[in-house]
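See below for the structure under consideration.
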Amino acid sequence: MELKTTHRWDLDEQEAMELQHQLALQVMKEDALEPVRYVAGVDVAYSEQNDKLIAGVAILEADSLNLVDTVMVEESVSFPYIPGLFSFRELPPIMKAFEQISILPQLIVCDGQGLAHPRRFGLACHLGVLYDMPTIGCGKTKLSGSYVEPDIQRGSYSPLMDQHEVIGNVLRTQDGVKPVFVSIGHRISLTTACEWILKLSPTFRLPETTRQADQIVRKGLKLTQ
DNA sequence: GCGACAG
DNA sequence: ATCTTGTCGC
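Mapping to numbering that gives the first Met the number 0: the first sequence position 122 is 121, numbers consecutive.
Right, dumping it as structure tokens:
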């Protein structure tokens, strides 16, 4: 995949936050998707043994959820883990992985937040804006916002609020299972994003895109150790 | 000062 | 995220 904009990664904490404020203005919150034939899932694992990040991309056929392509990339850590600046640590290896995919997806599901971020610019927004592609953030825990527990049935959800602003949905993907935190990344509406996460999670708590990407990086982690 | 804090 | 064993439940 080709970048529309050049982007510096050698920033300090202050510069990174300022860049987030600037890029957040480019986030498109409405549906602007092509028909989705392929969906991508991304995940990153960390090896503290050699201080390396392993990024994995899984491409799934949207209707069957069959895995049609996988890519794995290993890279040295170049940015510390700071809540709120997550993308500056994980995006370099992720984008390196996307350079190697053989099938272009029309939608990307990220492991982490999108708009549900202190500066409204989580990893999913960052990736979406840089590639100008539809993205969804689907996190296992929340970063910011408050919510009431959604009903126990699959498909139930409640808004994730920051003051009076809806920044995402807390969505139950399986009966009686801990909900996930869904927020838009770029070029998609929150409603459509939740529909996709439900469609991608027919059997387990997390969407198949994330589960497949997670398998890829876990295997890579075993080879490194 | 205290609690919260994506992976 | 990763470090880690067993254990409860479908």
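Glycine residues also receive a C-beta, built at the ideal position from the N, C-alpha and C atoms.
Contacts around residue i, its chain only, beta-carbon distance under 6 Å, and the 5 residues preceding and following it disregarded
i: Glu89; result: Val43
i: Val165; result: Pro158
Sub-7 Å separation of residue i and residue j beta-carbons
i: Met71; j: Gly175; result: no
i: Val38; j: Pro104; result: yes
i: Leu199; j: Thr208; result: yes
i: Ile100; j: Val35; result: no
i: Gln112; j: Gly144; result: no
Same chain, Cβ closer than 8 Å to residue i, neighbours up to 5 away in sequence not counted
i: Gln48; result: Thr223 and Gln224
i: Lys95; result: Ala54, Val72 and Glu74
i: Leu197; result: Arg153, Gly154, Leu170 and Thr172
i: Ser188; result: Lys28, Glu29 and Asp30
Pairwise C-alpha distance: residue j and residue i
i: Glu194; j: Pro149; result: 16 Å
i: Arg171; j: Val179; result: 6 Å
i: Ala115; j: His20; result: 14 Å
i: Lys28; j: Gly83; result: 20 Å
i: Gly127; j: Tyr156; result: 24 Å
Limits of the unbroken beta strand (DSSP E) element including residue i
i: His125; result: Here His125 belongs to no beta strand (DSSP E); instead the alpha helix (DSSP H) covers Leu122 to Tyr130.
i: Leu66; result: Leu66 to Ser75
Run of the alpha helix (DSSP H) containing residue i, from where it starts to where it stops
i: Leu90; result: Phe85 to Phe97
i: Val181; result: Element bounds for Val181: not the alpha helix (DSSP H) but the beta strand (DSSP E), Val179 to His185.
i: Thr134; result: Per DSSP, Thr134 belongs to no alpha helix (DSSP H); it is in the beta strand (DSSP E), Thr134 to Gly138.
Sequence-distant residues of its chain with Cβ nearer than 7 Å to residue i (five each side left out)
i: Trp8; result: Ser77, Phe87 and Pro91
DSSP beta-bridge partners of residue i
i: Pro158; result: Asn168
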